[in-house]
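Asker:
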Amino acid sequence: MAPLRLSRWTFGLFVVLCFAYLLLPSLIVVPMSFSSQSYLSFPPTGFSVRWYEGLAGNAAWRTAAANSFLIGIPAAAIAVALGTLAALAVERGALRWATIGVALIVAPMMLPHVILAIGLYPVLLDLGLLHGYVGAVIGHAVIGLPLVFVSVSAALRNYDPALELAAMTCGADRIRSFFHVTLPMIRMGVLGGGILAFATSFDELMLSLFLTNTGTRTLPRLIWEQLNDFLTPTIAAVATLIFAFSLLLLGALAVFGRGQRAMPASLALATAETAAHG
Amino acid sequence: MAEREAAGRRPWSLHHGNAVLLLPPGLFLLAFFFWPLLRVALRSVTEPALGLENYARVFGPGPYVRVLWQTVETAGFVTVLCLLLAYPLAYAVSRAEGTRLRLMMIFVLIPLWTSVVIRSYGWMIVFQRQGVLNDVLLSLGLTGTRLTLLPGSLAVHAGMVHIMLPFMILPLVASMRGIDHSLLRAADVLGAPPYRRFLEVFLPLSLPGVSAGVALVFMTSLGFFITPALLGGPQLMMAAVLIEEKANIELDWPLASALATTLLLITTALYLVYLRLTRGRAPLLGR
Amino acid sequence: MADPRTLEIVPDPRGAVAPASGAALRLEAVEKTYGGFKALARTDLEVRPGEFFGLIGPSGSGKSTLLGMIAGFVPPSSGRILLNGTDIVSLPPYRRNLGMVFQSYALFPHMTVAENIAFPLRMRKLSRDEIEARVHRMLDVVRLSGLGGRAPAQLSGGQQQRVALARAASYDPSLLLMDEPLGALDKNLREEMQYEIKRFHREIGATVLYVTHDQDEAATMSDRIAILNQGRIAQIGRPRELYEAPASAFVASFLGEANLFEVAAVSQSSPPRLRVETKDGLTLSANQAPRFEAGAVICVRPEAIQIAKSAGAAANALAGRIVDVVYTAGSLRYRVEVGGGRIVLVRRPLQRQSTVMDVGSEVYLTWDVADTILVPNS
Chain C
37 MAPLRLSRWT
47 FGLFVVLCFA
57 YLLLPSLIVV
67 PMSFSSQSYL
77 SFPPTGFSVR
87 WYEGLAGNAA
97 WRTAAANSFL
107 IGIPAAAIAV
117 ALGTLAALAV
127 ERGALRWATI
137 GVALIVAPMM
147 LPHVILAIGL
157 YPVLLDLGLL
167 HGYVGAVIGH
177 AVIGLPLVFV
187 SVSAALRNYD
197 PALELAAMTC
207 GADRIRSFFH
217 VTLPMIRMGV
227 LGGGILAFAT
237 SFDELMLSLF
247 LTNTGTRTLP
257 RLIWEQLNDF
267 LTPTIAAVAT
277 LIFAFSLLLL
287 GALAVFGRGQ
297 RAMPASLALA
307 TAETAAHG
Chain A
33 MAEREAAGRR
43 PWSLHHGNAV
53 LLLPPGLFLL
63 AFFFWPLLRV
73 ALRSVTEPAL
83 GLENYARVFG
93 PGPYVRVLWQ
103 TVETAGFVTV
113 LCLLLAYPLA
123 YAVSRAEGTR
133 LRLMMIFVLI
143 PLWTSVVIRS
153 YGWMIVFQRQ
163 GVLNDVLLSL
173 GLTGTRLTLL
183 PGSLAVHAGM
193 VHIMLPFMIL
203 PLVASMRGID
213 HSLLRAADVL
223 GAPPYRRFLE
233 VFLPLSLPGV
243 SAGVALVFMT
253 SLGFFITPAL
263 LGGPQLMMAA
273 VLIEEKANIE
283 LDWPLASALA
293 TTLLLITTAL
303 YLVYLRLTRG
313 RAPLLGR
Chain X
2 MADPRTLEIV
12 PDPRGAVAPA
22 SGAALRLEAV
32 EKTYGGFKAL
42 ARTDLEVRPG
52 EFFGLIGPSG
62 SGKSTLLGMI
72 AGFVPPSSGR
82 ILLNGTDIVS
92 LPPYRRNLGM
102 VFQSYALFPH
112 MTVAENIAFP
122 LRMRKLSRDE
132 IEARVHRMLD
142 VVRLSGLGGR
152 APAQLSGGQQ
162 QRVALARAAS
172 YDPSLLLMDE
182 PLGALDKNLR
192 EEMQYEIKRF
202 HREIGATVLY
212 VTHDQDEAAT
222 MSDRIAILNQ
232 GRIAQIGRPR
242 ELYEAPASAF
252 VASFLGEANL
262 FEVAAVSQSS
272 PPRLRVETKD
282 GLTLSANQAP
292 RFEAGAVICV
302 RPEAIQIAKS
312 AGAAANALAG
322 RIVDVVYTAG
332 SLRYRVEVGG
342 GRIVLVRRPL
352 QRQSTVMDVG
362 SEVYLTWDVA
372 DTILVPNS
């Protein structure tokens, strides 16, 4: 009995340590942001909100935050529209090459973003869209599309296709059966996919490095530029704010995802797949 | 009447016209994903002159092959570490129920939802000379002087494993939760001791999750940029960092394109293997 | 007759569900192939107005394909489907004006019961008052008055099924398709719902095409039945016809239980009787039948066979030994070996005074010459 209990304890300790490791870097920045000193030492000494005050008064951070929304929201909207169409075609279309189609649609999620970034650069340059909002929106929509596709596909698979057939025998044509039956059924998948696409754009660095300039740069890019220069608690304050905002999005996703069994695993995974292009 | 005539004698089909829905997303991806990738590949063999000159530079003597090799090596190492940590962790998650399960899932999801830049920043705080790790090592007496861990491979590996761990855990949890527990009970009843029950029943049934997770982590690790750039420095250079530097700083686009094309081919090959392994039913794709 | 406008919905100005006159359905040379696989061979079928028509067959026999083609979900490879004389093959499901009840009920989970029933009426742009009146009436017909505000998930399986019926019939479709509508219910509820659906059918008067794999259910409910096997119709007829005069060994064994004997040789005994030698080496007696040819099969229903201690004067008498007896609700089922290892199944109604034969008893199996059914071997 004793060795069994011992191994259980070891296993439990291992699990706790792993979770501590997972949470450590996310949580370490929060206390740093309230430090009263200008260098980073842990644990921080003193308490102050001066880094947050400094942020509020800084135009560069305010612009970057605004840019992140100006780029993220339209990018997510485009990703939602196109990703939903693709999911409908693949899930309901009985297409001959569906497997290959899925592999191609999901590809932007799998490839290193640096390749897409240096490819999009000349394409957007030719179109006169480089360094502008439109160009950045396009780039972020490309990587958001597969997320919406995966999310909506899961939602479509999650309910009985007989419902659409029933709507049709009831006299609803394709468009009306989509808006009256299909869309209400998959709206959580669509919303969830949209949040994922937005979160991905909000956290994306590589495309922003190539496709934006100092006027259109996003928060991750500004953080990146500051990180290379100096480590101050200002960044910890930004990080804490973004962290809080991400948790808000995660909470929203959890609420929208309720009742969708496919949600936790495949979605969270898909989310992160792009987010992880660290 | 008009509609009827337009339809003609052709039987109406549920699937007719559904392929049209693919047109907008298809054209969008064609213009802004596949065409850019093709441009990269074309550029690598046409600039500055038509030929394989850029590839000769990539594969010739010089640091580039070493960086590519180091990229693959690091990705492989990170994948193995992730699997070793994630398998028992996923087992714990898969056996949990109720509040404990929800709490564990939140613990897995929080880092996943934290910006990668921010997490790398967190690791910088941990690994710097005046950082947490050095404090702990000093106070435990494990080291006499503060160690220079940044930039360094320990920091890169810790940061990368941290980012990739949830990707290994989630497919593993998905496949472990799918295992019918009556099979394990059946193995018990049939007289299998716990380790045989694990080796001959549980492990084989969890393999789909293992292969999905391994492929996913390895593929993604190949493209890592932020973590190696911030924590790695010149000793642990990875492909994406090199490509960004060549293009954005040195403006050597032909070489950057050749490097990117090589990385693209490696990743595509792996992607194909992954699709084949999962027969298009990757847990990741939810199919 | 070919005017497609006959398919348009004519709202009933009285706002009530008047017993509609059911449509006539005709399938002409309808065929469905998937690649090289023939899901349904060239089929002709006629369903009369107001008829309750059963479609049965084992899974994969093509019955769902057939139903799907009529509903418009599956395009036929060739042939015509005529509803009241109009070919509907090129029309989408939403222009066919059919009602359909699905095995999974397919109730819209985001709508209440009343909204579900109102949905087809809204699609037909009926006035609000009209819709309300019809929903009210349909809820009455399916005996769910007062439950209109519930969500489908709050109802029992049987209640959900009745909502599905009400929704499919709320707009007076001239043809109602039902795809295994009771397949998800347990046995007792299924029997209750069979009567419910029959009553419903009488009340709305539409033509009903009812798909099921349960032969008892089809026999109980249908005016006529088509039995499908391997993508073709094996036989069409009233339930009793199919039972008493099966057109093939498949039909004989699919509908009810059957003892089948392959015929080896036939000779005249005292006309109009035939002496039949079976391949098992048994000698049976049958009435002269025109459709009797070599290679035929003889079918004797288990309930037509009597068990006696002596052969007596019976036209057919086989000596055998009881190897097994099982009591099932209301009857006794004997398995009797009649030589050469051949087992004959016998079912006897169980009454208070009936004696149960013991296993091992030597007995005679006797039956009337009329119960020796000759089945052409197709």
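So the protein lines, in turn, are chains C, A and X. Going by the working numbering, 154 is the number at position 118 of the first sequence; the sequence numbering is gapless. Going by the working numbering, 84 is the number at position 52 of the second sequence; the sequence numbering is gapless. Going by the working numbering, 162 is the number at position 161 of the third sequence; the sequence numbering is gapless. Beta carbons are placed, not taken as given, at the ideal position from N, Cα and C, and that holds for glycine. Here the structure is a predicted model, which means the values were calculated and not measured.
Round the Cβ separation of X:Arg261 and X:Ala248 to the nearest angstrom and send it over; I've been treating them as touching at under 8 Å.
Answerer: Looking up residue 261 of chain X in the third sequence gives position 260. Looking up residue 248 of chain X in the third sequence gives position 247. Before going on, a small fix: residue 261 of chain X reads as Leu here, not Arg. At roughly 14 Å, the Cβ-Cβ gap does not stay under 8 Å, so X:Leu261 and X:Ala248 are not in contact.
Asker: Along the stretch 141 to 171 of chain A, where does the CB come closer than 8 Å to a CB of chain C? Name the residues.
Answerer: Those residues of the stretch 141 to 171 of chain A that come within reach of chain C (Cβ to Cβ, closer than 8 Å) are Leu141, Ile142, Pro143, Leu144, Trp145, Thr146, Ser147, Val148, Val149, Ile150, Arg151, Ser152, Tyr153, Gly154, Trp155, Met156, Ile157, Val158, Gln160, Gln162, Gly163, Val164 and Asp167.
Asker: Which class does X:Ala185 belong to by DSSP, given the choice of helix, strand or coil?
Answerer: As a position in the third sequence, residue 185 of chain X is number 184, starting the count at 1. It is coil, neither helix nor strand.
Asker: Is the CB-CB distance between C:Thr254 and C:Asn103 below 8 Å?
Answerer: Residue mapping note: residue 254 of chain C aligns to position 218 of the first sequence, counting from 1. Residue mapping note: residue 103 of chain C aligns to position 67 of the first sequence, counting from 1. Against a cut-off of 8 Å, the Cβ pair of C:Asn103 and C:Thr254 comes out as a contact.
Asker: Evaluate A:Trp285 with the Cβ neighbour count: other Cβ atoms within 10 Å of its Cβ, from every protein chain shown; 16 or more gives buried, anything less gives exposed.
Answerer: As a working note, residue 285 of chain A is residue 253 in the second sequence. Buried, by the Cβ-count rule.
Asker: Contact between the stretch 154 to 169 of chain C and the stretch 66 to 85 of chain X is defined here as three or more beta-carbon pairs at a separation below 8 Å; is this criterion met?
Answerer: Flag = no, the stretch 154 to 169 of chain C and the stretch 66 to 85 of chain X do not touch.
Asker: Terminal residues of the continuous alpha helix (DSSP H) containing A:Pro56?
Answerer: Numbered from its first residue, the second sequence carries residue 56 of chain A at position 24. It spans Leu55 to Leu61 - the alpha helix (DSSP H) in which A:Pro56 sits, taken as one unbroken run.
Asker: Which same chain residues, not among the five before or five after A:Phe250, have their C-beta less than 6 Å away from its C-beta?
Answerer: Here the question's residue 250 of chain A lines up with position 218 in the second sequence. Excluding positions up to five away in sequence, the list reads Ala107 and Thr111.
Asker: Quick check: what's the CA-CA separation for C:Arg132 versus X:Phe38?
Answerer: Here residue 132 of chain C refers to the residue found at position 96 when the first sequence is read from its first residue. Here residue 38 of chain X refers to the residue found at position 37 when the third sequence is read from its first residue. Those two C-alpha atoms are separated by around 17 Å.
Asker: Would you call the stretch 167 to 181 of chain C and the stretch 226 to 242 of chain C touching, i.e. three or more CB-CB distances under 8 Å?
Answerer: The stretch 167 to 181 of chain C vs the stretch 226 to 242 of chain C: in contact.
Asker: How far does the alpha helix (DSSP H) with A:Val99 in it reach, from first residue to last?
Answerer: Stepping through the second sequence from its first residue, residue 99 of chain A is reached at position 67. Residues Pro95 to Arg127.
Asker: Between the C-alpha atoms of A:Ala51 and C:Gly129, what's the straight-line distance to the nearest angstrom?
Answerer: The residue given as residue 51 of chain A occupies position 19 in the second sequence. The residue given as residue 129 of chain C occupies position 93 in the first sequence. Spanning the two alpha carbons is a distance of roughly 6 Å.
Asker: With A:Ile298 and C:Ile278 assumed to form a contact (beta carbons below 8 Å), what rounded beta-carbon distance in angstroms separates them?
Answerer: Taking the first residue of the second sequence as position 1, residue 298 of chain A is located at position 266. Taking the first residue of the first sequence as position 1, residue 278 of chain C is located at position 242. With 8 Å as the limit, A:Ile298 and C:Ile278 do not qualify as a contact, their Cβ atoms being about 32 Å apart.
Asker: Can you find a C-beta in chain X that's less than 8 Å from the C-beta of A:Leu46?
Answerer: Translated into the one-based positions of the second sequence, residue 46 of chain A becomes position 14. Yes, its Cβ sits closer than 8 Å to a Cβ of chain X.
Asker: Identify the residues that DSSP records as bridge partners of A:His47: which are they?
Answerer: Here the question's residue 47 of chain A lines up with position 15 in the second sequence. DSSP lists no partner for A:His47.
Asker: Within the continuous beta strand (DSSP E) that includes X:Leu275, where are the two ends?
Answerer: Here the question's residue 275 of chain X lines up with position 274 in the third sequence. Run containing X:Leu275: Arg274 to Thr279, per the beta strand (DSSP E) assignment.
Asker: Does the structure place the stretch 232 to 240 of chain A close enough to the stretch 204 to 220 of chain A that three or more beta carbon pairs sit under 8 Å?
Answerer: Yes, the stretch 204 to 220 of chain A is in contact with the stretch 232 to 240 of chain A.
Asker: Helix or strand or just coil, what does DSSP make of X:Lys64?
Answerer: Translated into the one-based positions of the third sequence, residue 64 of chain X becomes position 63. Of the three classes helix, strand and coil, the one that applies to X:Lys64 here is helix, per DSSP.
Asker: Is DSSP giving X:Asn317 helix, strand or coil here?
Answerer: Position 316 of the third sequence, counted from the start, is the residue given in the question as residue 317 of chain X. Correct three-state label for X:Asn317: strand.
Asker: Can you list, in chain order, the stretches of the beta strand (DSSP E) that have 3 or more residues and sit fully within the stretch 201 to 276 of chain X?
Answerer: Qualifying beta strand (DSSP E) stretches, in chain order: 208 to 213, 225 to 230, 233 to 238 and 260 to 269.
Asker: Rounded to a whole number of angstroms, what is the C-alpha to C-alpha distance between C:Leu286 and A:Ile138?
Answerer: In the first sequence, counting from the first residue as 1, residue 286 of chain C sits at position 250. In the second sequence, counting from the first residue as 1, residue 138 of chain A sits at position 106. Approximately 9 Å between the Cα atoms of the pair.
Asker: Please list, in chain order, all residues of the same chain as A:Gly362 whose beta carbon is under 6 Å from its beta carbon, the five residues on each side excluded.
Answerer: With chain A running from 33 to 319 in the structure shown, residue 362 of chain A is simply not present.
Asker: Three-state secondary structure (DSSP) at X:Gln173?
Answerer: As a working note, residue 173 of chain X is residue 172 in the third sequence. Sequence check: residue 173 of chain X is Asp here, not Gln. X:Asp173: coil per DSSP, three-state reduction.
Asker: For C:Leu58, count the other beta carbons within 10 Å of its own beta carbon; 16 or more makes it buried, fewer makes it exposed. Which is it?
Answerer: The residue given as residue 58 of chain C occupies position 22 in the first sequence. C:Leu58 is buried by the Cβ-count criterion.
Asker: Identify every residue that forms a DSSP beta bridge with C:Ser213.
Answerer: By 1-based counting over the first sequence, the position of residue 213 of chain C is 177. According to DSSP, C:Ser213 bridges with nothing at all.
Asker: Could you pull the start and end residues of the beta strand (DSSP E) that C:Glu200 belongs to?
Answerer: In the first sequence, the residue the question calls residue 200 of chain C occupies position 164. First-last for C:Glu200: Ala198 to Thr205, but that is the alpha helix (DSSP H), not the beta strand (DSSP E).
Asker: Name, please, each residue of chain C whose Cβ falls closer than 7 Å to the Cβ of A:Pro234.
Answerer: As a working note, residue 234 of chain A is residue 202 in the second sequence. As written in the sequence, residue 234 of chain A is Phe, which differs from the Pro given in the question. None at all; the shortest Cβ gap to chain C is about 15 Å.
Asker: Going along chain X in order, which residues have a C-beta closer than 8 Å to the C-beta of A:Arg98?
Answerer: To locate residue 98 of chain A, count along the second sequence from 1; it is residue 66. Here the premise fails: no neighbours, minimum Cβ distance about 53 Å.
Asker: Please report the residue range of the alpha helix (DSSP H) in which A:Tyr87 lies.
Answerer: Taking the second sequence and counting its residues from 1, the one referred to as residue 87 of chain A is at position 55. Unbroken alpha helix (DSSP H) run through A:Tyr87: Glu85 to Phe91.
Asker: Taking its Cβ as the centre, do 16 or more other Cβ atoms sit within 10 Å of A:Trp145, making it buried, or is it exposed?
Answerer: Here residue 145 of chain A corresponds to residue number 113 of the second sequence, with the count starting at 1. Under this definition A:Trp145 is a buried residue.
Asker: Could you tell me which of A:Ala219, A:Glu282 and A:Gly241 sits nearest to A:Glu232, measuring between CA atoms?
Answerer: Here residue 232 of chain A refers to the residue found at position 200 of the second sequence. The residue with the shortest Cα to Cα distance from A:Glu232 is A:Ala219.
Asker: What did DSSP end up calling C:Tyr195 once you bin it into helix, strand or coil?
Answerer: Numbered from 1 along the first sequence, position 159 holds the residue referred to as residue 195 of chain C. Looking at C:Tyr195 - three-state DSSP - the assignment turns out to be coil, as it is neither helix nor strand.
Asker: Could you please give the first and the last residue of the uninterrupted alpha helix (DSSP H) stretch that includes X:Met112?
Answerer: In the third sequence, residue 112 of chain X corresponds to position 111, counting from 1. Where X:Met112 is concerned, there is no enclosing alpha helix (DSSP H), given that its DSSP letter is neither H nor E.
Asker: In the DSSP assignment, find the beta strand (DSSP E) that holds X:Arg336 and state where it starts and stops.
Answerer: Residue numbering aside, residue 336 of chain X sits at position 335 when the third sequence is read from its first letter. Looking at the DSSP string, the run of the beta strand (DSSP E) that includes X:Arg336 is Ser332 to Glu338.
Asker: In angstroms, rounded to a whole number, what distance separates the CA positions of X:Ile226 and C:Thr236?
Answerer: Looking up residue 226 of chain X in the third sequence gives position 225. Looking up residue 236 of chain C in the first sequence gives position 200. C-alpha separation (whole angstroms): 59 Å.
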